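Asker: Under the working numbering, think of the first position of the sequence shown as 851, with each following residue one higher.
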Amino acid sequence: MAAPRESFPEVLTEGWLWWLSDKELKKTKYKVTADGWKPYYFYMTISACKTHIRLYKKPPKSKKDKPYVTHVYPEFQLHKRTEATHHQPFICQVTDLSRHSSHYAFENEARRDSFAFFMITQRRLPEKPTAGRMFSVKPDDSAEHRKIGSRGSNCLLHVCKSGLTLAFQTSFSIVAQWPLNSVRNFETVGDGCFRIEAGRRSPMGEGVYMFETKQNENDVIYHLMDKYITETIKENRKSSGRDEKIYEEYCDLGVLAITQSDLRYSRDLKRISANNFNLNPGSSAEGASNILRSGASDASLPEYKISDLEEWLEEPSLSSQIQDSPSLSEPQTKRKTIQLPSVTRPAADSSRPANRMRPSWNQPINIKRSRSRTTEVL
């Protein structure tokens, strides 16, 4: 009889990292030295629809080797730290529901991005979200999209009052989330293109992300985001600081997600990781799976028919949607200076310019915008 799936944890990625716990932070009163970080060999595994980070003091040789510690995340928030923190430059901070955080540091940016990619893609968007709207988009071939793992993939962009969520079109696996307060500005570019700029407080880090949309839906996305921002400004919640608002919005985005891993797409995720993060495509993840499954015959393992990566990345439905759109490498932009009123926008003009940009709003959202502001579209 085949053993249940939970008996054979799916290993997504593995390697060396440095771990810093909340306990160590509090013990040193947040003045951590370089010696506070401890090296561990980790396995990221999936079991019982939960993500496990298994930390070993050295690579295990068999299934019997017990991890030094195992972190279980049924729900979590993930932040990439783009600035050097506690003597480490490449950090992923993972926070659970009780707001206890673990800091994982890596030797380079690619390994940190790969860790974050496998972690966040274990959460999925529902096919019919309870709030907001969903749009088919095609990310451009930029470094920013490569860092989050969305480069070259057909995706879905979900827009709601709490922010934006990017997910793969086939698996609905979440690739990135941007709370509304972490979006520095956004704009339409040319025909059918939409661009957002995320600030340094964004969970995915600072960056500019361009998307190609279906049938000029960039206008719809623009007006929808403008509506949500205006509503948030009117609420004028003075009780919370900017960081707290981003945390609250990130929590709201998490409520929309399904915390259920789908093992049918794990092979596709590994291929996408290899294509985007320039790591060894034949990494020892499969070997790690064999170690954890030691003693199990191949016949006892569940079999899945995984669709080839190239087939769903080049799905005809989305290819036909974007075939008439301009090239993403050369967006049709014009230099334009616009003025926006303090809160409400003027009625839409049919002769509006091709480019529109929301002004930067690094200030807290409860500021008094009593004077008009100008923003130059580059």
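Just so you know, even glycine gets a beta-carbon here, dropped at the ideal spot from N, CA and C.
Note that the structure is a prediction, hence the values are computed from the model and not measured.
Roughly how many whole angstroms lie between the Cα atoms of V861 and V1009?
Answerer: Their Cα atoms are separated by approximately 32 Å.
Asker: Cutting at 7 Å between CB atoms, please list the residues of its own chain near T1012, excluding the five before and the five after it.
Answerer: A small correction: the amino acid at residue 1012 is Ser; Thr does not occupy that position in the sequence shown. Counting only Cβ-Cβ distances below 7 Å, and skipping sequence neighbours, we find P1029, L1030, E1099, D1102 and L1103.
Asker: Could you give the residue range of the alpha helix (DSSP H) that holds F926?
Answerer: From DSSP, F926 is part of no alpha helix (DSSP H); its letter is neither H nor E.
Asker: Select from F967, E874 and C899 the residue whose C-alpha is nearest the C-alpha of I1122.
Answerer: Checked all of F967, E874 and C899; the closest Cα to I1122 is F967.
Asker: If you compare alpha carbons, which of W868, K988, R983 and G1091 is closest to R961?
Answerer: It is W868 whose Cα lies nearest to the Cα of R961.
Asker: Answer yes if the segment 906-920 comes into contact with the segment 884-898, meaning at least three C-beta pairs across the two stretches below 8 Å, and no otherwise.
Answerer: Yes, they touch.
Asker: Quick one: what does DSSP say E977 is sitting in, helix, strand or coil?
Answerer: If DSSP states are grouped into helix, strand and coil, E977 belongs with coil.
Asker: Looking at the strands, I want to know which residues DSSP matches up with D860.
Answerer: The sequence given here has Glu at residue 860, not Asp. The partner list for E860 (beta bridge, DSSP) reads I896.
Asker: Taking 7 Å as the limit between beta carbons, can you name the residues of its chain near T932, skipping five residues before and five after?
Answerer: Only R1050, G1055 and E1056 meet the Cβ criterion.
Asker: Take every Cβ of the segment 908-928, pair it with every Cβ of the segment 989-1007, and state whether three or more of those distances are shorter than 8 Å.
Answerer: As far as the Cβ criterion goes, the segment 908-928 does not touch the segment 989-1007, which means the pair count is below three.
Asker: Out of H929, K914, V1025 and P979, which has the shortest C-alpha to C-alpha gap to S1003?
Answerer: If we check each option's Cα against that of S1003, V1025 comes out closest.
Asker: One question on the structure: do L1014 and L1006 come within less than 8 Å of each other, judged by their Cβ atoms?
Answerer: Going by C-beta atoms, L1014 is not nearer than 8 Å to L1006.
Asker: What does W1028 pair with, by DSSP beta-bridge criteria?
Answerer: Partner(s): L1014.
Asker: Of the choices C942, T945, K888 and C1043, whose alpha-carbon is the least far from that of Y918?
Answerer: If we check each option's Cα against that of Y918, K888 comes out closest.
Asker: Measuring only the C-alpha atoms, how far is F1061 from M1075?
Answerer: Each residue's Cα considered, the two are about 15 Å apart.
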